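The working numbering puts the first residue of the sequence shown at 275, with every later residue one more than the last.
Yeah, the Cβ is synthetic: ideal placement off N, Cα and C, and Gly gets one too.
On a predicted model such as this, the values are computed, not experimentally measured, just so you know.
Worksheet for the structure shown next.
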Amino acid sequence: MSVVREDWVAAPGRALSGDTSVPGDKSISHRAVMLAALADGMSRIDGFLEGEDTRATAAIFSAMGVRIDAPSASTRIVHGVGMDGLRAPALLLDCGNSGTAMRLLSGLLAGQSFDTVLGGDASLSRRPMLRVMAPLRAMGAAIDSDDGERPPLRIAGGRSLRGIRFDSPVASAQVKSAVLLAGLYADGATEVHEPHPTRDYTERMLSAFGWPVEYAPGMARLVGGHRLRGRDIEVPGDFSSAAFLIVAATLVPGSVLMLRSVGVDPRRTGLLDALRAMGADIRELDRRAGACGPVADLVVRHAPLRGIALPEALVPDMIDEFPVFAIAAACAQGTTRVTGAAELRVKESDRIRAMASGLAALGGRVQETSDGMVIEGGRLRAGSVDSFGDHRVAMAFAVAAQRAEGEVAIADVANVATSFPEFETLARALGFGLERAPPASA
Ligand code: S3P
Numbered sequence: 275m276s277v278v279r280e281d282w283v284a285a286p287g288r289a290l291s292g293d294t295s296v297p298g299d300k301s302i303s304h305r306a307v308m309l310a311a312l313a314d315g316m317s318r319i320d321g322f323l324e325g326e327d328t329r330a331t332a333a334i335f336s337a338m339g340v341r342i343d344a345p346s347a348s349t350r351i352v353h354g355v356g357m358d359g360l361r362a363p364a365l366l367l368d369c370g371n372s373g374t375a376m377r378l379l380s381g382l383l384a385g386q387s388f389d390t391v392l393g394g395d396a397s398l399s400r401r402p403m404l405r406v407m408a409p410l411r412a413m414g415a416a417i418d419s420d421d422g423e424r425p426p427l428r429i430a431g432g433r434s435l436r437g438i439r440f441d442s443p444v445a446s447a448q449v450k451s452a453v454l455l456a457g458l459y460a461d462g463a464t465e466v467h468e469p470h471p472t473r474d475y476t477e478r479m480l481s482a483f484g485w486p487v488e489y490a491p492g493m494a495r496l497v498g499g500h501r502l503r504g505r506d507i508e509v510p511g512d513f514s515s516a517a518f519l520i521v522a523a524t525l526v527p528g529s530v531l532m533l534r535s536v537g538v539d540p541r542r543t544g545l546l547d548a549l550r551a552m553g554a555d556i557r558e559l560d561r562r563a564g565a566c567g568p569v570a571d572l573v574v575r576h577a578p579l580r581g582i583a584l585p586e587a588l589v590p591d592m593i594d595e596f597p598v599f600a601i602a603a604a605c606a607q608g609t610t611r612v613t614g615a616a617e618l619r620v621k622e623s624d625r626i627r628a629m630a631s632g633l634a635a636l637g638g639r640v641q642e643t644s645d646g647m648v649i650e651g652g653r654l655r656a657g658s659v660d661s662f663g664d665h666r667v668a669m670a671f672a673v674a675a676q677r678a679e680g681e682v683a684i685a686d687v688a689n690v691a692t693s694f695p696e697f698e699t700l701a702r703a704l705g706f707g708l709e710r711a712p713p714a715s716a
């Protein structure tokens, strides 16, 4: 049986203009469902991301006996079952393409009384899991995989967990969150220290659901044995989705774009710092406090960019933005250097390789390094690129095409639905030249 592959054909459109919003934050949507499911009482989540990744998380909790209603798109009513109310699922729990679902759930499921198996798609099945398995084992969890580090993960229930102090070797919010979620079920205190602060949504949201957590940039500490209280959550727009529109409006002459209610937590907005250092014109209006960090409206105007040596300290704060940052750099004047970003090799694809090979196919001058890349800005020509099944690589090349000298064919874009299902329609309405290619078989 042949699988129908989805491809795009993108080309320069018009100057971008519009006043719009982007779908809900993916990281916050995952965490909202997880904590609401374990809470006592009901929670309403507004602005929930209707993406394949976050729907996979919701489906996993449904499979463990949690009633989740969807009265309208982007709203979920979660009927919490309490800390010990989950039921053994009949089948493997399918995380799809989502590393966040798999890593956070591995911690949470390590504390249950029943066994589970976590699986995922081909991309997720290649991603490293030892980074969560090792600290969870140190807490007393029984967690295994056939090759010792890649999914599927088998988690045995009925273990008593103990709190640990964990000095994480990698700046990863997923690793930190897995350990903290296991810590909810552990005896004593669980404390995580990070080599560089990462997004603190798990900490903020645990506090919002009534679990005492001590946290500061780079550290978090909690004690097991409390309970979570259901509450309403308003999910802000996902900065990582806004990033594609921000870079496109910056690159296309004449563009002015207003993006409403975007989450602008500093642990997510490193791209704004990087683009501003390159000369971008991005303003924040009406900055306000949300349950998961500050929210603002962003106004982006076209501006010419110049290359920079990206400070390594910014890397974790823009970890999901490198595909589109590489496009900004390729359209800037001069050289951009990225170092200290080896984590990009273990994302949904090897994003260093994916961006270097795609840019090279469009005539860009890019040198791949083990932990980054060197990009000479210049012109991009027409050509064909592969997204390697990576949603952010696909959307980044749709942005690149807005500045290319002709058509860019982008292969294998179906996974855009994991994080930003309405990207194609929204981008086109704002001015992108972007069409679905006639169906091909793969
Ligand atoms: C995420 C953390 C980051 C990020 C991912 C979402 C999260 O991953 O890349 O898209 O929701 O905690 P790492 O923890 O692997 O850096």
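Beta-carbon to beta-carbon, Glu508 and Ala565 are separated by about 7 Å, close enough to satisfy the 8 Å threshold. Nearest Cα to Gln448 within the set Arg401, Val530, Leu654 and Ala310: Arg401. Ranking Gly528, Ile626, Arg505 and Arg710 by CA distance to the CA of Ala310 puts Arg505 first.
In terms of CA proximity to Leu427, Leu383 leads the group Leu383, Glu617, Pro443 and Ser317. A distance below 8 Å between beta-carbons, with the five flanking residues on each side excluded, links Val307 to the following residues of its chain, in chain order: Ile319, Phe322, Thr328, Thr331, Ala332, Phe335, Ile342, Arg350 and Val352. Of the residues assessed, Pro486 falls on the exposed side of the cut-off, its CB having fewer than 16 other CB atoms within 10 angstroms. Within the region 539-571, the runs of beta strand (DSSP E) at least 3 residues long that lie entirely inside it are, in chain order, 555-564. One Cα belongs to Val667, the other to Thr609, and the distance between them is close to 21 Å.
Distances from the alpha-carbon of Asp645 to those of Ala691, Glu586, Leu700 and Glu698 put Glu586 closest.
Distance between Leu360 and Ala517, taken at the CA atoms: about 37 Å. Distances between the C-beta of Ser301 and the heavy atoms of the ligand S3P include at least one below 7 Å. A straight line joining the alpha-carbon of Gly432 with that of Gly385 spans about 7 Å. Contact fails between the region 449-463 and the region 511-527, because fewer than three Cβ pairs, one in each stretch, are under 8 Å apart.
Taking non-hydrogen atoms of the ligand S3P into account, the C-beta of Gly381 is found less than 7 Å away from none of them.
Taken from the Cβ of His304, at least one heavy atom of the ligand S3P lies inside 7 Å. Look at Val509 here: in three-state DSSP terms it is coil, with no helix or strand label. Ala703 is classed as exposed because its beta carbon has fewer than 16 other beta carbons within 10 Å across all chains shown.
Contact between the region 616-630 and the region 575-583 is not established, with fewer than three Cβ pairs separated by less than 8 Å. By DSSP's assignment, Thr524 forms no beta bridge with any residue. Exposure of Asp420 is indicated by the presence of fewer than 16 other C-beta atoms within 10 angstroms of its C-beta. Partner residues in the beta bridge of Met493, as assigned by DSSP, are His467 and Ala490. When the Cα atoms are used, Asp539 and His470 turn out to be separated by approximately 15 Å. Inclusion of Val659 and Val682 in the CB contact set at 8 Å is warranted, their separation being smaller than that value.
Burial of Arg542 is indicated by the presence of at least 16 other C-beta atoms within 10 angstroms of its C-beta. For Val449, the shortest separation between its Cβ and any heavy atom of the ligand S3P lies below 7 Å. Each residue's CA atom was taken as its position, placing Leu378 and Ala606 some 37 Å apart. In terms of side-chain proximity, the C-beta atom of Asp594 is found nearer than 7 Å to a non-hydrogen atom of the ligand S3P. Here Pro443 is exposed: its Cβ has fewer than 16 other Cβ atoms, across all protein chains shown, within 10 Å. In the structure shown, the three-state DSSP call for Thr374 is helix. Secondary structure remark: continuous beta strand (DSSP E) runs of at least 3 residues inside the region 568-632, in chain order: 609-612. Straight through space, the alpha carbons of Met479 and Met413 are spaced by roughly 23 Å.
Scanning the region 403-458 from its first residue to its last, the whole alpha helix (DSSP H) runs of 4-plus residues come out as 404-412 and 447-457.
In this structure Ile601 does not touch Ala685 by the C-beta definition: roughly 17 Å separates them, more than the 8 Å allowed.
The beta carbon of Glu465 is closer than 6 Å to those of Arg439 and Arg495 in its chain, skipping five residues each way along the sequence. Its chain contains Ser295, Pro510, Gly511 and Val569 as the residues whose beta carbon lies nearer than 6 Å to that of Ser535, once the 5 sequence neighbours on both sides are disregarded; these appear in chain order. Contact between Leu572 and Leu533 holds: their C-beta atoms lie close to 5 Å from each other, under 8 Å.
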